[in-house]
Amino acid sequence: MNKMTNTFWVSIVLTLLSFMFIGYSIHFGFEHGIAMGNYYWAYMKFVLSVMPCVFLLIALFNQWIERELIIKYMGKASGKRAYVLAIILASSTVGGIFVVLPVAHALYKKGAKLSVVLTYLNCACVCRVPMTLWEISMLGLKFTSIRYLVSIPLIIISSVFIEKVVLSDQHFERSIS
Amino acid sequence: MFILYLLCMIMFIISFVIDQDKTKKACINALNMFLKVLPSFLFLICIMSIIMCLIPPSIIAELMGSQNEKIGMVLGSILGSMVVMPGFIVFPLAGILLKEGVSLSILASFTTTLMMVGILTLPIEIKYFGKKLAIVRNVNGYVIAMIVSVIIGLWS
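Protein chains in written order, with my numbering: chain L, 15 to 191; chain D, 135 to 290.
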């Protein structure tokens with residue numbers, strides 16, 4: 015509890031300080047400060063506009079989807095289909111790691127296998143559809159297809175491997191909040 | 135972005151029509167989850183904008199473009215792990231760098247680590263998945279990114 019309130023106060027103070035800094039920079043025309051303000055605004059807009067939606071969807075998911083359903087399709091007894099499902103889910107994700115982390119956490123809490131969750135987490139970084147379209151137009155189709163073909167098998171193999179290693183540690187379950 | 139709002143709204147309405155009690159609970163849960171991570175988000179936003187200010191895209195371009203391929207790849211991957219950039223800056227930047235003659239393998243190491251490895255986002259990841267898994271996943275992501283960029287370098 016104490017630790018939690020600490021981060022809270024530090025973040026409040028830091029936010030106020032950066033607001034002050036950006037305000038002064040705009041007033042006195044300090045270039046770097048204005049640049050920082052632009053980035054700050056872009057990130058802030060993202061967090062405040064996307065995140066409430068994402069958390070509402072996750073909460074609805076938690077309320078409605080039965081644990082058994084997730085266990086059946088993504089749990090310990092599920093086969094290769096679970097990875098395909100995870101990749102499809104990952105490619106349709108919007109937004110960066112901020113969105114992906116809570117979703118992955120919710121999946122894990124609902125009983126999905128750790129390796130499936132890891133596949134989702136890593137694939138969401140590599141193959142989101144909107145991002146891919148942009149990448150193809152900038153860097154070419156060959157670049158993107160090599161990247162997909164190499165990274166997706168590697169992700170699945172390493173996820174299975176990590177699951178084996180991490181789950182052998184008995185304290186692991188407790189470390190996930 | 136619009137699709138997300140639409141999806142959210144439709145789901146909410148369906149849920150509300152079927153069971154108001156469950157929907158109410160879901161709303162409270164969503165608010166709690168959001169408030170719980172909001173401080174670390176705010177903290178991260180400050181740090182991210184300061185870092186973007188200290189290492190602007192122009193410096194990244196200079197660092198990656200001026201070296202030979204191997205050093206460029208290592209530099210690209212280190213920068214990619216450190217910086218958190220929104221997509222609307224990354225890909226235009228990558229496109230410009232490609233036209234200036236930076237090799238594809240360097241760009242691959244930069245963009246892939248940018249997406250898979252996040253030193254700045256590590257605290258949030260630890261909050262969700264614990265220290266061990268977060269660190270293992272990031273190291274693993276770095277290794278995969280390097281393999282990908284080496285193979286892209288061989289191919290092109």
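Heads up, the beta-carbon is just placed ideally off N, CA and C, and yes, glycines get one too.
Should residue i and residue j be called a contact, given that it needs their Cβ atoms to be closer than 8 Å?
{"i": "D/ILE175", "j": "L/VAL61", "result": "In the sequence on display, residue 175 of chain D carries Phe and not Ile. Yes. Within cutoff."}
{"i": "D/LEU172", "j": "D/LEU254", "result": "no"}
{"i": "L/TYR57", "j": "D/MET167", "result": "no"}
{"i": "D/VAL282", "j": "D/ALA228", "result": "no"}
{"i": "L/ILE6", "j": "D/ILE285", "result": "For chain L, the structure presents residues 15 to 191; residue 6 of chain L sits outside this window and is missing."}
{"i": "L/ILE176", "j": "D/VAL270", "result": "yes"}
{"i": "L/ALA100", "j": "L/THR146", "result": "no"}
{"i": "D/LEU238", "j": "D/MET219", "result": "no"}
{"i": "D/GLY252", "j": "L/ILE84", "result": "no"}
{"i": "L/ASN136", "j": "L/SER173", "result": "yes"}
{"i": "D/MET216", "j": "L/TYR53", "result": "no"}
{"i": "D/CYS142", "j": "L/LEU71", "result": "yes"}
{"i": "D/CYS180", "j": "L/THR29", "result": "yes"}
{"i": "D/ASN272", "j": "D/LEU256", "result": "yes"}
{"i": "D/ILE194", "j": "L/MET50", "result": "no"}
If you count every other CB in all the chains shown that lies within 10 Å of the CB of residue i, and 16 or more means buried, which is it?
{"i": "L/MET152", "result": "buried"}
{"i": "L/PRO116", "result": "buried"}
{"i": "L/GLY43", "result": "exposed"}
{"i": "D/GLU259", "result": "buried"}
{"i": "D/SER149", "result": "buried"}
{"i": "D/TYR139", "result": "exposed"}
{"i": "L/SER32", "result": "buried"}
{"i": "L/PHE157", "result": "buried"}
{"i": "L/MET15", "result": "Bear in mind that the predicted position of L/MET15 carries a pLDDT of just 46, short of 50, making it too unreliable to give a figure here."}
{"i": "L/SER106", "result": "exposed"}
{"i": "L/VAL98", "result": "exposed"}
{"i": "D/LEU267", "result": "buried"}
{"i": "L/SER129", "result": "buried"}
{"i": "D/VAL151", "result": "exposed"}
Alpha carbons only, please: which of the options is nearest the one belonging to residue i?
{"i": "L/PHE69", "options": "L/ILE171, L/LYS127 and L/GLY109", "result": "L/GLY109"}
{"i": "D/LYS156", "options": "L/ILE36, L/ILE190 and L/LEU74", "result": "L/LEU74"}
{"i": "L/TRP78", "options": "D/MET145, D/PHE136 and D/GLY287", "result": "D/MET145"}
{"i": "D/VAL224", "options": "L/ASN20, L/GLU149 and L/VAL131", "result": "L/GLU149"}
{"i": "D/ALA160", "options": "L/ALA118, L/SER106, L/TRP23 and L/ASN76", "result": "L/ASN76"}
{"i": "L/SER63", "options": "D/PHE136, D/LEU256, D/ALA195 and D/TRP289", "result": "D/PHE136"}
{"i": "D/ASN97", "options": "L/ILE169, L/LEU155, L/TYR162 and L/LEU163", "result": "This structure leaves residue 97 of chain D out entirely; chain D is present only between 135 and 290."}
{"i": "D/GLU196", "options": "D/ILE184, D/LYS170, D/VAL236 and D/SER211", "result": "D/VAL236"}
{"i": "D/THR245", "options": "D/GLY210, D/LYS261, D/ILE184 and D/SER192", "result": "D/GLY210"}
{"i": "L/PRO144", "options": "L/ILE26, L/ALA104, L/SER165 and L/TRP23", "result": "L/ALA104"}
{"i": "D/ILE212", "options": "D/ASN163, D/ILE240 and D/LEU165", "result": "D/ILE240"}
{"i": "D/LEU188", "options": "L/ILE26, L/ILE48, L/VAL164 and L/VAL179", "result": "L/ILE48"}
### Task
Decide yes or no for the touch test of the stretch 82 to 95 of chain L against the stretch 189 to 208 of chain D: beta carbon pairs closer than 8 Å, at least 3 of them.
Contact fails: fewer than three Cβ-Cβ distances are below 8 Å.
### Task
Mind the definition here: the stretch 265 to 284 of chain D touches the stretch 126 to 140 of chain L only if three or more C-beta pairs lie below 8 Å; say whether that holds.
The stretch 126 to 140 of chain L and the stretch 265 to 284 of chain D touch, with three or more beta-carbon pairs separated by less than 8 Å.
### Message
If contact is defined by three or more beta carbon pairs under 8 Å, each pair taking one atom from either stretch, is the stretch 71 to 88 of chain L in contact with the stretch 119 to 134 of chain L?
### Response
They touch, by the three-pair rule.
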